[in-house]
Amino acid sequence: MGILSSHLFLPRNIDIVKADVARSMAVTDTGKAAMTTVANNLRIRGGSFLIEARAPEDIFTPEDLTDQHKLIAQTADEFIAQEIVPRVKEIEEKKPGLLHELLKKAAEIGLCATDVPQKYSGLGLDKISSIVVAEKMARNGSWAATIGAQAGIGVLPIAFFGTDAQKTKYVPKLASAEWVGAYALSESTSASDALHCKTRATLSPEGKHYLLNGSKMWITNGGIADLYVVFAKVDGEKFTAFIVERKFPGVSPGAEEHKMGIRGSSTTPVNFENTPVPVENVLGEIGKGHLIAFNILNMGRLKLGAGCVGGSKYLIADALRWAKERVAFGHPIADFGLIKEKLGEMIARTFAAESISYRTAGMIEQLLEGVHQGSPQAAEETLAALQEYAVECSILKVMGTETLDFVADEGVQIYGGYGFSSEYEVERAYRDQRVNRIFEGTNEINRLLITDMLLKRSMKGELALIPAAQKLLDEILTPAAESADGDEAPLAEEAALAAGAKKAVLLVAGAAVQKYLQALADEQEVVAAISSMVMETYAMESAVLRVRKHGGSGEQAQAEADVAQIFIHEAAERLESSARTALAHIAEGDALRAQLAVLRRFLRRTTPDLVALKRRLADRALDLNRYPFA
Numbered sequence: 003m004g005i006l007s008s009h010l011f012l013p014r015n016i017d018i019v020k021a022d023v024a025r026s027m028a029v030t031d032t033g034k035a036a037m038t039t040v041a042n043n044l045r046i047r048g049g050s051f052l053i054e055a056r057a058p059e060d061i062f063t064p065e066d067l068t069d070q071h072k073l074i075a076q077t078a079d080e081f082i083a084q085e086i087v088p089r090v091k092e093i094e095e096k097k098p099g100l101l102h103e104l105l106k107k108a109a110e111i112g113l114c115a116t117d118v119p120q121k122y123s124g125l126g127l128d129k130i131s132s133i134v135v136a137e138k139m140a141r142n143g144s145w146a147a148t149i150g151a152q153a154g155i156g157v158l159p160i161a162f163f164g165t166d167a168q169k170t171k172y173v174p175k176l177a178s179a180e181w182v183g184a185y186a187l188s189e190s191t192s193a194s195d196a197l198h199c200k201t202r203a204t205l206s207p208e209g210k211h212y213l214l215n216g217s218k219m220w221i222t223n224g225g226i227a228d229l230y231v232v233f234a235k236v237d238g239e240k241f242t243a244f245i246v247e248r249k250f251p252g253v254s255p256g257a258e259e260h261k262m263g264i265r266g267s268s269t270t271p272v273n274f275e276n277t278p279v280p281v282e283n284v285l286g287e288i289g290k291g292h293l294i295a296f297n298i299l300n301m302g303r304l305k306l307g308a309g310c311v312g313g314s315k316y317l318i319a320d321a322l323r324w325a326k327e328r329v330a331f332g333h334p335i336a337d338f339g340l341i342k343e344k345l346g347e348m349i350a351r352t353f354a355a356e357s358i359s360y361r362t363a364g365m366i367e368q369l370l371e372g373v374h375q376g377s378p379q380a381a382e383e384t385l386a387a388l389q390e391y392a393v394e395c396s397i398l399k400v401m402g403t404e405t406l407d408f409v410a411d412e413g414v415q416i417y418g419g420y421g422f423s424s425e426y427e428v429e430r431a432y433r434d435q436r437v438n439r440i441f442e443g444t445n446e447i448n449r450l451l452i453t454d455m456l457l458k459r460s461m462k463g464e465l466a467l468i469p470a471a472q473k474l475l476d477e478i479l480t481p482a483a484e485s486a487d488g489d490e491a492p493l494a495e496e497a498a499l500a501a502g503a504k505k506a507v508l509l510v511a512g513a514a515v516q517k518y519l520q521a522l523a524d525e526q527e528v529v530a531a532i533s534s535m536v537m538e539t540y541a542m543e544s545a546v547l548r549v550r551k552h553g554g555s556g557e558q559a560q561a562e563a564d565v566a567q568i569f570i571h572e573a574a575e576r577l578e579s580s581a582r583t584a585l586a587h588i589a590e591g592d593a594l595r596a597q598l599a600v601l602r603r604f605l606r607r608t609t610p611d612l613v614a615l616k617r618r619l620a621d622r623a624l625d626l627n628r629y630p631f632a
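Residues in the sequence shown are numbered from 3 upward in steps of one, following the working numbering.
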C-alpha cells in the first residue's frame with residue numbers, strides 16, 4: 003500500500019468531488035446494472051471453480067465497471083490526491099488530531115460508509131463499489147489501515163450484527179466519523195488463535211453490566227478510537243462480542259507501537275480494568291462471538307486483497323516513471339532487458355490478482371441480487387454471501403498481499419540504491435506492505451483454511467469434490483483418446499492448462515486425504531501446498547476468462563494475450579512444484595512415479611517465449627505510463 007507522487011492525478015476542488023459523489027451515490031443499485039454482464043440466474047457455489055467449467059460471461063471483470071463505479075473511483079482518487087498525498091509527512095509523524103480530521107473529510111463524501119445501509123446514514127453500495135474504493139485508498143499504507151479499520155472492522159460488526167437500537171445509536175456516528183471505531187480481537191498470547199483469548203467478562207451482581215478485564219494488542223486506531231468492538235469470554239468460557247465506548251470507566255489505550263511500517267496509523271494495546279459494559283451492549287449472542295469475528299474477517303480479506311491490487315498498480319506506475327527517467331550507461335534503464343522482465347512480471351501478477359478480485363466480488367454481488375439493502379434481511383444475506391465465498395476471499399487475501407509484496411520488492415530493486423532511501427516513497431511502500439501478510443489472519447493460517455474449508459464442504463455434500471475425484475480416477479485408469487478438434491478460442495492452450503490444473507489439485511488432494519484421512523490437518527506442509535495449487539488454479543482460470551470475455555483490439559489485444567500467457571505458464575510451473583513437493587511426502591517408489599507421470603500429463607505444455615512476452619508487455623506499459631489494463 004504505497005504512496006506515489008501527485009503527478010499521477012489531476013486534482014480538482016473538493017467541492018466538485020462532493021457533488022460528483024452525491025450524483026453517483028444517488029444510484030443505489032450501482033452493481034445491479036453491472037451484473038447484467040454476468041449470466042442471469044447463475045448461482046455459483048463457493049469453491050466450485052475446482053470442479054465446474056465456467057464461460058467468460060459467467061464472471062465479472064474490471065472491464066465491466068459501470069459509469070457509476072468509475073465515478074466512485076474517480077472521486078476516491080481525487081480525495082487521496084488532494085487530502086492525503088500532500089500530508090503524507092504529517093501522517094507519518096502522527097500529527098495530533100490529523101487522522102480524525104482526515105476521516106471526517108473522507109466521511110463527508112461517503113468513503114467511511116460504503117457498506118453501511120442507508121437507514122443508518124450509510125451508502126449501502128454494492129460490493130464491487132467497496133473494492134473499487136479499497137483499491138484507491140491503498141495509495142498510502144498508513145491511511146489505508148486507518149480508513150480500512152473505520153469503514154470495515156470498526157463499523158460493520160455493529161451494522162451487520164447489532165440490534166436496531168445499537169445500530170441507531172452507534173452506526174451513524176461511525177459512518178460520519180464523528181466517532182472513530184476500532185476492533186479489539188488480538189491478544190499478546192493468542193497469536194492467530196483468536197478464540198484463545200484471556201479477556202474476561204463477568205455479569206455484575208445487579209445484572210445490569212458486564213465487567214471487562216484484560217488487554218488487547220495491535221489494535222488499529224486504538225489510540226484515537228471512541229468506540230471498540232471487544233471480544234471477551236463470559237465467565238471465562240463463552241466467546242462474546244461487546245460494544246465498548248472509550249469513555250466507559252477502566253478503558254485505557256496504551257502507548258503507540260513503534261512499527262516497521264504503516265507508522266502514521268495508530269496501533270496500540272487497549273486495557274480494560276473492571277470496565278462496566280451495559281448488558282444492552284452485548285453484540286450478537288452470548289457465546290456466539292466467533293460468528294462475528296470470522297464473518298467480519300471474510301469482508302476484511304476481500305477488501306484487503308483488493309487494496310493490495312490498488313497498491314500494486316500505484317507502484318507499477320511509479321516504477322515505470324522511474325525506469326524512464328533514470329539513466330545508466332547512456333540509456334534510460336527502461337531500455338534494459340532485466341528491467342523489462344521485472345516490469346512484465348509485476349504487471350502479470352497484478353493482472354491475475356485484479357482478475358480474481360473482481361470475479362470474487364462479482365459472485366458475491368450476484369448472490370445478493372434482488373436483496374434490498376435496506377431490508378431487515380440484507381445484513382444476514384450479505385454475511386451468507388461472504389461465507390459462501392470464504393474460500394475465494396482467503397485466496398484473494400493471500401494472492402493480493404503476496405503480489406503486492408513482490409511488486410514492492412521489485413520496485414525497490416528498480417530504484418536501486420535510491421529505493422533504500424527514505425527520500426523516495428517506494429521505501430515507505432516497501433515497509434508499509436509487509437504487515438498485509440499478517441493482517442486478517444496470517445497467510446499461513448489462510449492457506450490452512452482454504453483446503454480445510456473445501457474439504458469440509460465436500461464432506462457436508464455442499465461441494466461435489468468426491469464425485470469429481472472419482473471421475474478423475476476413472477479418467478486416469480482409462481484415458482480417453484485425444485480429440486482431433488481442439489479449442490479454437492483465444493488462449494486455447496492456456497485454457498487447457500487451467501483445466502489441467504484443476505485435475506492436478508484433485509489428484510494431490512485425493513492422494514493426501516486417502517493417506518492421512520482425519521490426520522491431514524497435522525500435515526500442514528501438504529495442506530499449504532494444496533492450497534497454493536488451488537490459488538494458482540483460480541487465478542489461471544480467471545485470467546483466461548477475463549481475456550476471452552473482453553478481448554481488445556490491436557496492441558491492447560496483444561497485451562491481454564501476453565499477460566495471460568505470462569501468468570498462466572509461470573503459475574503452472576509454481577503449481578507443479580507445489581504438487582511435486584506434496585506428492586513426494588505422500589507417496590514413494592512406484593506409486594510416486596505413477597502419480598508424477600499423471601501430473602505431467604495434466605500439466606503438459608509448451609512454454610512460450612516468456613522473455614519476448616515480458617518485453618512487449620513492459621513496452622506497452624511504458625508507452626502508456628501506467629498499468630496497462632482496465
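All C-beta atoms in this analysis are idealised placements derived from N, C-alpha and C, irrespective of residue type, glycine included.
Worksheet item: Which term fits A461, buried or exposed, when burial requires 16 or more other beta carbons within 10 angstroms of its beta carbon?
Response: The sequence shown places Met at residue 461, rather than the Ala named in the question. Answer is exposed; the Cβ neighbour count stays below 16.
Fill in: Enclosing alpha helix (DSSP H) for K587 [first to last residue]
Note that residue 587 is His in the sequence shown, not Lys. Start and end: G556 to I588.
Worksheet item: For the beta strand (DSSP E) that A243 lies in, which residues bound it at each end?
Response: K240 to E247
Worksheet item: If you check the beta carbons only, do V279 and V246 fall under 8 Å apart?
Response: yes
Worksheet item: Can you give the Cα-Cα distance for S534 and T352, rounded to whole angstroms?
Response: 17 Å
Discussion item. Please state whether the Cβ-Cβ distance between I133 and A363 is less than 8 Å.
Written reply: yes
Discussion item. Given this structure, state the Cα-to-Cα distance separating A78 from K473, to the nearest angstrom.
Written reply: 48 Å
Worksheet item: Would a check of beta-carbon distances place D166 closer than 8 Å to chain B?
Response: No chain B appears in the structure shown, which is made up of a single protein chain.
Worksheet item: In terms of residues, what are the limits of the alpha helix (DSSP H) holding P174?
Response: D166 to A177
Worksheet item: Which residue or residues does DSSP assign as beta-bridge partners of R202?
Response: N215 and K235
Worksheet item: Rounded C-beta distance between V311 and A257? I'm assuming under 8 Å.
Response: At roughly 34 Å, the Cβ-Cβ gap does not stay under 8 Å, so V311 and A257 are not in contact.
Discussion item. Using CA atoms only, rank isn't needed, just tell me which of G332, L598 and Y432 is closest to V414.
Written reply: Y432
Fill in: Check: I82 C-beta below 7 Å from any heavy atom of the ligand SAH
What this structure holds is no ligand at all, so the ligand SAH is not there to describe.
Worksheet item: Assuming Y540 and I397 make a contact with CB atoms under 8 Å, what is their CB distance in whole Å?
Response: 5 Å
Discussion item. Taking the straight line between their C-alpha atoms, what separation do you get for T270 and A574?
Written reply: 42 Å
Worksheet entry | Same chain, Cβ closer than 8 Å to A325, neighbours up to 5 away in sequence not counted | P334, I335, A336, I341, L345, I416 and L624
Discussion item. Here's a check: name, in chain order, each residue in its chain whose Cβ is nearer than 8 Å to the Cβ of V515, leaving out the five neighbours to either side.
Written reply: L457 and L522
Item to complete: Scan the stretch 277-351 and note each continuous alpha helix (DSSP H) run of 4 residues or more that stays entirely inside, going in chain order.
Response: 291-327
Fill in: Three CB pairs or more closer than 8 Å across the stretch 105-114 and the stretch 233-243
no
Worksheet item: Below 8 Å between beta carbons: does that hold for P255 and G216?
Response: no
Practice prompt. Could you check what DSSP says for L475 in three-state terms: helix, strand or coil?
Written response: helix
Worksheet item: Counting only runs that start and end within the stretch 407-463, where is the alpha helix (DSSP H) found for 4 or more residues in a row?
Response: 427-435 and 445-461
Worksheet item: Is DSSP giving L605 helix, strand or coil here?
Response: coil
Worksheet item: DSSP on R617, reduced to helix/strand/coil?
Response: helix
Worksheet entry | Rounded C-alpha distance that separates L601 from A386 | 36 Å
Worksheet item: To the nearest angstrom, how far is it from the Cα of K305 to the Cα of A599?
Response: 40 Å
Discussion item. Using the Cβ count rule (16 or more neighbours within 10 Å means buried), how would you classify R45?
Written reply: exposed
Item to complete: Apply the 10 Å Cβ neighbour rule to Q567 and answer buried if 16 or more other Cβ atoms are within range, or exposed otherwise.
Response: buried
Worksheet item: What is the DSSP secondary structure of S192, counted as helix, strand or coil?
Response: coil
Fill in: Nearest to A381 (by Cα), restricted to the options F162, M537 and L370
F162
Worksheet item: Would V23 be called buried (16 or more neighbouring beta carbons within 10 Å of its own) or exposed?
Response: Unreliable placement is indicated for V23, whose pLDDT of 48 sits below 50; the coordinate value is still reported in the next sentence. Result: buried.
Worksheet entry | The alpha helix (DSSP H) enclosing S254, as first and last residue numbers | Not the alpha helix (DSSP H): S254 falls in the beta strand (DSSP E), residues V253 to P255.
Worksheet item: In terms of residue numbering, what span does the beta strand (DSSP E) encompassing G183 cover?
Response: G183 to A186
Worksheet item: Among the residues of its own chain, which have a CB less than 7 Å from the CB of A513, if the five just before and after it don't count?
Response: L585, I588, A589 and Q597
Worksheet item: Can you tell me whether E327 is buried or exposed, with buried defined as 16 or more other CB within 10 angstroms of its CB?
Response: exposed
Discussion item. Cutting at 8 Å between CB atoms, please list the residues of its own chain near L717, excluding the five before and the five after it.
Written reply: Because the chain here runs from 3 to 632, residue 717 falls outside it and cannot be looked at.
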